[in-house]
Amino acid sequence: MENKKNPRVDLSRNRGLFFSLGLIITCTLVISAFEWKTFTEQDKIELTAEVEEEVFLDIPNTDHTPPPPPPKVQPIDVVELPNDEEDTFDNFEFPELNDRIEIQTVSIPMPKKPKPIIEEEVKDTILLFTEFPAAPKDGYKAFYQYIADHMQYPSTARRMGVEGRVYLQFVIEKDGSLTDIKVIKGIGSGCDQEAVRVLKDAPKWNAGRQRGVPVRVRKSIPILFKLQ
Numbered sequence: 461m462e463n464k465k466n467p468r469v470d471l472s473r474n475r476g477l478f479f480s481l482g483l484i485i486t487c488t489l490v491i492s493a494f495e496w497k498t499f500t501e502q503d504k505i506e507l508t509a510e511v512e513e514e515v516f517l518d519i520p521n522t523d524h525t526p527p528p529p530p531p532k533v534q535p536i537d538v539v540e541l542p543n544d545e546e547d548t549f550d551n552f553e554f555p556e557l558n559d560r561i562e563i564q565t566v567s568i569p570m571p572k573k574p575k576p577i578i579e580e581e582v583k584d585t586i587l588l589f590t591e592f593p594a595a596p597k598d599g600y601k602a603f604y605q606y607i608a609d610h611m612q613y614p615s616t617a618r619r620m621g622v623e624g625r626v627y628l629q630f631v632i633e634k635d636g637s638l639t640d641i642k643v644i645k646g647i648g649s650g651c652d653q654e655a656v657r658v659l660k661d662a663p664k665w666n667a668g669r670q671r672g673v674p675v676r677v678r679k680s681i682p683i684l685f686k687l688q
């Protein structure tokens, strides 16, 4: 015996309708959620109309009264004085002064002849620079040739192969003689003593002159020692 369903109570027959209705409602809610807009309250801007205030100046009514006229100047009466005599040099009499002028002869002493200016004697000092420098009488070329001819190469320096320059300092006296000979920089091995010996025997120089007067002058020269 089969169980019969009451069509009024059977819910399965409206299943499709409920499913469609539920699907429509769901889609509507989803779409509404995406399309929903929120509004925030914006700052309120107060608009106030500025009304320019009109300023009225109360200018008093000035009185334009013309200034009073200047006082009248009374004319001055000019009185002309009678000019009896004109002040001219034609009518002026100069007094005669010739009788009262005494001419005296004054003798003016002649100036004395100035004394001749005597140049001060140059002190006995040694100078480095002069107006006319000291120099060998026959020139520097002849002077160095004299040294080369009279120089004897020391045996010790020749044996050891010593070469170089010896720097000498000396004084040219007022008569041209060479004195106070010193070695400033030497090379040793007998070369310094040989250079001093030859310079002591060298001929006199022309003395240096300052203001036309012979003076003492200090001089420095090098002497070369070279083996051949």
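Numbering-wise, the sequence shown is residues 461 to 688 according to the numbering used here.
Even glycine gets a Cβ: it sits at the ideal position worked out from N, Cα and C.
Stretch-stretch touch, CB-based, cutoff 8 angstroms, three pairs: the stretch 600 to 609 with the stretch 617 to 637: With fewer than three CB-CB distances shorter than 8 angstroms, the stretch 600 to 609 does not count as touching the stretch 617 to 637.
Contiguous beta strand (DSSP E) assignments of at least 3 residues, all confined to the stretch 591 to 639: Those beta strand (DSSP E) runs which fall completely within the stretch 591 to 639 and span 3+ residues are 624 to 632.
Mapping the DSSP letters down to three states, classify Lys660 as helix, strand or coil. As a first step, residue 660 is located in the sequence shown; it is residue number 200 there, counting from the start. Note: Lys660 maps to helix in three-state DSSP.
Out of curiosity, what's the CA-to-CA distance linking Ile586 and Gln605? Numbered from its first residue, the sequence shown carries residue 586 at position 126. Numbered from its first residue, the sequence shown carries residue 605 at position 145. Their backbone Cα atoms lie some 27 angstroms apart in a straight line.
Kindly list the residues whose CB is nearer than 7 angstroms to the CB of Asp640, restricted to its own chain and excluding five residues on each side of it in sequence; keep chain order. Here residue 640 refers to the residue found at position 180 of the sequence shown. Phe630, Val631, listed in sequence order.
Can you tell me which of the three DSSP states Gly668 falls into? In the sequence shown, the residue the question calls residue 668 occupies position 208. Strand.
Do the CB positions of Phe603 and Pro596 come within less than 9 angstroms of each other? Walking along the sequence shown from the start, residue 603 turns up at place 143. Walking along the sequence shown from the start, residue 596 turns up at place 136. Going by C-beta atoms, Phe603 is nearer than 9 angstroms to Pro596.
Skipping 5 residues on each side, what residues in its chain have a beta carbon closer than 6 angstroms to that of Lys645? Looking up residue 645 in the sequence shown gives position 185. The answer, listed in chain order, is Tyr627.
Tell me where the beta strand (DSSP E) around Ile683 begins and ends. By one-based count along the sequence shown, residue 683 stands at place 223. Note, Ile683: beta strand (DSSP E), 673 to 685.
Look at the alpha carbon of Arg657 and the alpha carbon of Val643, and state the distance between them as a whole number of angstroms. Position 197 of the sequence shown, counted from the first residue, corresponds to residue 657. Position 183 of the sequence shown, counted from the first residue, corresponds to residue 643. Here the alpha carbon of Arg657 sits roughly 11 angstroms from the alpha carbon of Val643.
Three-way DSSP call (helix, strand, coil) for Ile505 in this model: Working through the sequence shown from its first residue, we reach residue 505 at position 45. Residue confidence for Ile505 is low, a pLDDT of 41 falling below 50, so the modelled location carries little weight and cannot support an answer.
By Cβ distance, which residues of its chain are closer than 6 angstroms to Ser680, with the 5 residues on each side in sequence left out? Here residue 680 corresponds to residue number 220 of the sequence shown, with the count starting at 1. Spatial neighbours of Ser680 in its own chain (CB-CB distance under 6 angstroms, excluding positions within 5 residues in sequence) are listed in chain order as Gln629.
Length of the line joining the Cα atoms of Ala655 and Pro682: The residue labelled residue 655 in the question sits at position 195 within the sequence shown. The residue labelled residue 682 in the question sits at position 222 within the sequence shown. If you take the alpha carbons of Ala655 and Pro682, they lie about 9 angstroms apart.
Just tell me which of Leu687, Phe479, Trp665 has its CA closest to the CA of Ser615. Position 155 of the sequence shown, counted from the first residue, corresponds to residue 615. It is Leu687 whose Cα lies nearest to the Cα of Ser615.
Please list, in chain order, all residues of the same chain as Pro530 whose beta carbon is under 7 angstroms from its beta carbon, the five residues on each side excluded. For the purposes of this step, residue 530 is taken as residue 70 along the sequence shown, with counting starting at 1. So no residue of the chain qualifies.
Inter-residue spacing [alpha-carbon to alpha-carbon] between Pro674 and Asp652: Numbered from 1 along the sequence shown, position 214 holds the residue referred to as residue 674. Numbered from 1 along the sequence shown, position 192 holds the residue referred to as residue 652. The alpha-carbon atoms of Pro674 and Asp652 are separated by roughly 30 angstroms.
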